[in-house]
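Asker: At position 62 of the sequence shown (counting the first as 1) the number is 61 in numbering that gives the first Met the number 0, and the numbers step up by one without a gap.
Input: one structure, supplied below.
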Amino acid sequence: MMKHLTAAALTACLLSLAPAASAAVPAPPPHATAEAAPTLAKAADRHTAEEIRGFLRWFYDGTGPSPYQREHWTSDYLRAKQAETPDHDVILCAQNEPVAIEVGPVTVAQSAGFGWATVTTSWAGGTRQTLTAYVALDSDPIELHDVVCG
Numbered sequence: 000m001m002k003h004l005t006a007a008a009l010t011a012c013l014l015s016l017a018p019a020a021s022a023a024v025p026a027p028p029p030h031a032t033a034e035a036a037p038t039l040a041k042a043a044d045r046h047t048a049e050e051i052r053g054f055l056r057w058f059y060d061g062t063g064p065s066p067y068q069r070e071h072w073t074s075d076y077l078r079a080k081q082a083e084t085p086d087h088d089v090i091l092c093a094q095n096e097p098v099a100i101e102v103g104p105v106t107v108a109q110s111a112g113f114g115w116a117t118v119t120t121s122w123a124g125g126t127r128q129t130l131t132a133y134v135a136l137d138s139d140p141i142e143l144h145d146v147v148c149g
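Rendered as structure tokens:
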């Protein structure tokens with residue numbers, strides 16, 4: 000009989016097979032669980048405002064997400080949106096990297112199925128800009144679903 004690997008064990012196995020560059024891969028968000036597969040009860044759970052804020056703070060990590068985070072922690076919808084506008088970073092609403100990023104409080108709308116937060120980017124020269132980052136409450140695993148600039 001085949002035993003199920005936990006997500007943590009599977010990740011450890013895969014990372015041990017990866018080239019040395021894997022050391023640059025960021026750790027999973029702090030709220031991620033080590034369950035191998037969601038149970039029916041887990042699938043019915045929805046992300047809380049606290050989980051979403053923790054995820055967004057980890058994802059944006061002060062100056063923006065890594066290529067690994069962009070690939071593995073964003074929705075298919077957001078990756079397609081980025082592919083349509085290759086000259087503009089839809090995750091940061093910019094064309095270059097900010098000097099700092101702050102994630103504000105999260106609002107959760109159960110009826111809409113989304114949580115969101117205002118994210119403020121700071122740029123060289125003191126300019127600040129805001130964007131709204133959206134997370135689907137029932138995403139599994141949690142991921143950035145969409146970003147609206149302005």
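Cβ atoms here follow ideal geometry from the backbone N, Cα and C, with glycine treated the same way.
Given a cut-off of 8 Å on the beta-carbon distance, is the pair Ala116 and Gly103 in contact?
Answerer: By 1-based counting over the sequence shown, the position of residue 116 is 117. By 1-based counting over the sequence shown, the position of residue 103 is 104. Closer than 8 Å, so yes.
Asker: Considering only residues of the stretch 58-119, which uninterrupted alpha helix (DSSP H) runs meet the minimum length of 4 residues and lie entirely inside it, listed in chain order?
Answerer: Within the stretch 58-119, the complete alpha helix (DSSP H) runs of at least 4 residues are 66-71, 75-83.
Asker: Roughly how many whole angstroms lie between the Cα atoms of Thr131 and Asp44?
Answerer: Start at 1 with the first residue of the sequence shown, and residue 131 comes out as number 132. Start at 1 with the first residue of the sequence shown, and residue 44 comes out as number 45. Distance between the alpha carbons of Thr131 and Asp44 is about 23 Å.
Asker: Cβ of Ile90 within 8 Å of Cβ of Val146?
Answerer: Position 91 of the sequence shown, counted from the start, is the residue given in the question as residue 90. Position 147 of the sequence shown, counted from the start, is the residue given in the question as residue 146. It is a contact, given that the beta carbons lie within the stated cut-off.
Asker: Have a look at Lys41 and Asp139 and give me their C-alpha separation to the nearest angstrom.
Answerer: Along the sequence shown, read from residue 1 onward, the residue named residue 41 stands at position 42. Along the sequence shown, read from residue 1 onward, the residue named residue 139 stands at position 140. With a pLDDT of 47 at Lys41, under the threshold of 50, the modelled position of this residue cannot be trusted; read the value that follows with caution. Cα-Cα distance, rounded: 9 Å.
Asker: Can you give the Cα-Cα distance for Gly149 and Arg127, rounded to whole angstroms?
Answerer: By one-based count along the sequence shown, residue 149 stands at place 150. By one-based count along the sequence shown, residue 127 stands at place 128. Answer to the nearest angstrom: the Cα atoms are 11 Å apart.
Asker: Thinking C-alpha only, which one of Gln68, Gly63, Tyr76, Ser74 is nearest Thr120?
Answerer: To locate residue 120, count along the sequence shown from 1; it is residue 121. Cα-wise, what sits closest to Thr120 is Gly63.
Asker: Quick one: is His87 buried, meaning 16 or more other Cβ sit within 10 Å of its Cβ, or exposed?
Answerer: In the sequence shown, counting from the first residue as 1, residue 87 sits at position 88. Burial call: exposed.
Asker: Under 8 Å between the Cβ atoms of Leu143 and Ser74?
Answerer: Counting from one through the sequence shown, the residue named residue 143 turns up at place 144. Counting from one through the sequence shown, the residue named residue 74 turns up at place 75. For Leu143 and Ser74, yes; Cβs fall inside 8 Å.
Asker: DSSP puts Asp145 in a beta bridge; with which residues?
Answerer: Counted from its first residue, the sequence shown places residue 145 at position 146. Note: Asp145 sits in a beta bridge opposite Tyr133.
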